Amino acid sequence: DGGITQSPKYLFRKEGQNVTLSCEQNLNHDAMYWYRQDPGQGLRLIYYSQIVNDFQKGDIAEGYSVSREKKESFPLTVTSAQKNPTAFYLCASSIRGQGYGYTFGSGTRLTVV
Amino acid sequence: LAKTTQPISMDSYEGQEVNITCSHNNIATNDYITWYQQFPSQGPRFIIQGYKTKVTNEVASLFIPADRKSSTLSLPRVSLSDTAVYYCLVVDTSGTYKYIFGTGTRLKVLA
Chain A
50 DGGITQSPKY LFRKEGQNVT LSCEQNLNHD AMYWYRQDPG QGLRLIYYSQ
100 IVNDFQKGDI AEGYSVSREK KESFPLTVTS AQKNPTAFYL CASSIRGQGY
150 GYTFGSGTRL TVV
Chain B
686 LAKTTQPISM DSYEGQEVNI TCSHNNIATN DYITWYQQFP SQGPRFIIQG
736 YKTKVTNEVA SLFIPADRKS STLSLPRVSL SDTAVYYCLV VDTSGTYKYI
786 FGTGTRLKVL A
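Order-wise, the sequence lines are chains A and B.
For the working numbering, count along the first sequence from 1 and bump the result up by 49.
For the working numbering, count along the second sequence from 1 and bump the result up by 685.
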């Protein structure tokens, strides 16, 4: 079955550490996205990529970095510069240039300890 | 940029029909309006999508007026398991195919 896989489901980070969240899709979608969701809040866009080797900052990119070396993969690194990284992170993909909406992964919950 | 507005929360009783409206302006004229359901600690799940007028599937209906400045998700005969947050998703009119999420409506279904 086609879909998006996020791993790990739960992640714990110590203060000052960088951590990388994985997102892989086999839907052959060109565009991929990372969202952050805080408790009881909506989704905020961190980064997005519409084609391989290209990505753009979203609304809250500070303290995060991404890469898009392969069509299937869009990893997100939460750096030590992100002062409040504890949140639920969602990856999504879509067909580029067509407004059919997103397919979402199941999310990664990151907690700073 | 497109802007969206949804009611923050709604309560309903089991068996009732629930209508959730998303107001949106400056959206792309030729793209879909999509609705998602999200349970706690899960990714949003696709419910229904439409371009204009009315669309119905096995779980919901979507009503979109001709001016496309709003859309209404209709859930017939809700059950306790429909308690969730519901989001609309539209495409911004800027031509960049930027998606804009609604603010989300927290639906609580009561027994």
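Glycine is no exception: its CB is placed at the ideal position from the N, C-alpha and C atoms.
Treat the numbers as computed from the prediction; the structure is a model and nothing was measured.
Roughly how many angstroms separate the alpha carbons of residue i and residue j, rounded to a whole number?
i: Ser56 (chain A); j: Val68 (chain A); result: 12 Å
i: Tyr784 (chain B); j: Asp777 (chain B); result: 6 Å
i: Glu64 (chain A); j: Ser129 (chain A); result: 7 Å
List, in order along the chain, the chain A residues whose C-beta lies closer than 8 Å to that of residue i?
i: Ala774 (chain B); result: A small fix is needed here, since residue 774 (chain B) is Leu in this sequence, not Ala. Going along chain A in sequence order, the residues near Leu774 (chain B) (Cβ under 8 Å) are Gly150 and Tyr151.
Round the Cβ separation of residue i and residue j to the nearest angstrom and send it over; I've been treating them as touching at under 8 Å.
i: Ala159 (chain A); j: Arg62 (chain A); result: At residue 159 (chain A) the sequence reads Leu, which differs from the Ala that was named. Their Cβ separation, rounded to whole angstroms, is 6 Å, which keeps Leu159 (chain A) and Arg62 (chain A) in contact under 8 Å.
i: Ser697 (chain B); j: Leu792 (chain B); result: 7 Å
i: Gly728 (chain B); j: Gly156 (chain A); result: 5 Å
With a threshold of 16 other CB atoms inside 10 Å of the CB of residue i, please say whether the residue is buried or exposed.
i: Gln131 (chain A); result: buried
i: Pro750 (chain B); result: exposed
i: Gly89 (chain A); result: exposed
i: Leu686 (chain B); result: exposed
i: Thr54 (chain A); result: exposed
i: Thr637 (chain B); result: Outside the shown range of chain B, which is 686 to 796, sits residue 637 (chain B), and nothing can be said about it.
i: Gly154 (chain A); result: buried
i: Ser726 (chain B); result: exposed
Using the beta-carbon of each residue, which ones in chain B are nearer than 7 Å to residue i?
i: Phe137 (chain A); result: Ser726
i: Leu92 (chain A); result: Phe786
i: Gly52 (chain A); result: Chain B residues near Gly52 (chain A): none, gap ~10 Å exceeds 7 Å.
Which residues of chain A have a Cβ atom closer than 9 Å to the Cβ of residue i, listed in chain order?
i: Thr719 (chain B); result: Gly148, Tyr149, Gly150 and Tyr151
i: Gly789 (chain B); result: Gln90, Gly91 and Leu92
Output, in chain order, the set of chain A residues within a Cβ distance shorter than 7 Å of residue i.
i: Gly700 (chain B); result: Neighbours of Gly700 (chain B) on chain A: none; closest Cβ ~27 Å, over 7 Å.
Listing by chain order, which chain B residues have their CB less than 9 Å from the CB of residue i?
i: Arg62 (chain A); result: Residues of chain B passing the Cβ test: none, with the nearest at roughly 18 Å.
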